[in-house]
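Structure, as structure tokens:
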Amino acid sequence: MERLDDYSIRKITSKQDFEKGIDIRVQVFVEEQNCPPDTEPDAHDDHCIHFLAYHNSTPVATARLLPLPQHTGHYKRGKPGRICVLKQYRSKGLGSRLLGALEDEALEIGLEELEIHAQCDKVSFYERHGYNRVDDKTFLEDGILHCVMIKILL
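Take the sequence shown: its letters are residues 0 to 153, numbered as in numbering that gives the first Met the number 0.
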């Protein structure tokens, strides 16, 4: 029987772990959701803080946080993204734990607000975690309908 402590979340610190995260993103976004293959990795990855979730020693989920520079040069807003869990590990709370890790990291580096481009069918997940839609507008990103959601951290 699986236990919650069979899972761990770690900040990515090596190229090897970064590539494991990209493998997960390709499986979920490119193969499963039919996003264009040239979106993984993308130009933002070098500026992000990345995380991997493990089941024992197997990487099973990933996410990233992009601190967004303001006109003053200070980073007060961030953008969580590329949050994905391999199909066989969903409904185990990993998405929530990854989002929590991103929010903890955001607070640690002094961010005050997070803005996410949420897939429209995932809006209720983000609402349960304190995110609110900015408006009723939707847009296509990588061929999937999205909306903008915000969470104030402070």
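Quick reminder that beta carbons are idealized off the backbone N, C-alpha and C, glycines included.
In this text the structure is predicted, and so the values were computed from the model without any measurement.
- Per DSSP, LEU98 is one residue of the alpha helix (DSSP H) stretching across 93-107.
- For SER7, the enclosing beta strand (DSSP E) starts and ends at 6-10.
- Looking at ILE48, ASN33, CYS34 and PHE28, the one whose alpha-carbon comes closest to that of LYS14 is ILE48.
- Closest by C-alpha distance to GLY99, out of LEU152, LYS121, PHE28 and VAL133, is LEU152.
- With respect to the 8 angstroms criterion, LYS75 and ILE115 are not classified as neighbours on the basis of their beta carbons.
- Within the DSSP bridge table, the entry for THR61 names LEU51 and CYS83 as partners.
- Judged by their CB atoms, LEU97 and ILE8 are nearer to each other than the 8 angstroms cut-off.
- Non-local C-beta neighbours of GLN118 in its own chain, meaning closer than 8 angstroms and more than five positions away in sequence, comprise ILE143, LEU144 and HIS145, ordered along the chain.
- Counted as a single uninterrupted DSSP element, the beta strand (DSSP E) harbouring GLU114 occupies residues 112-118.
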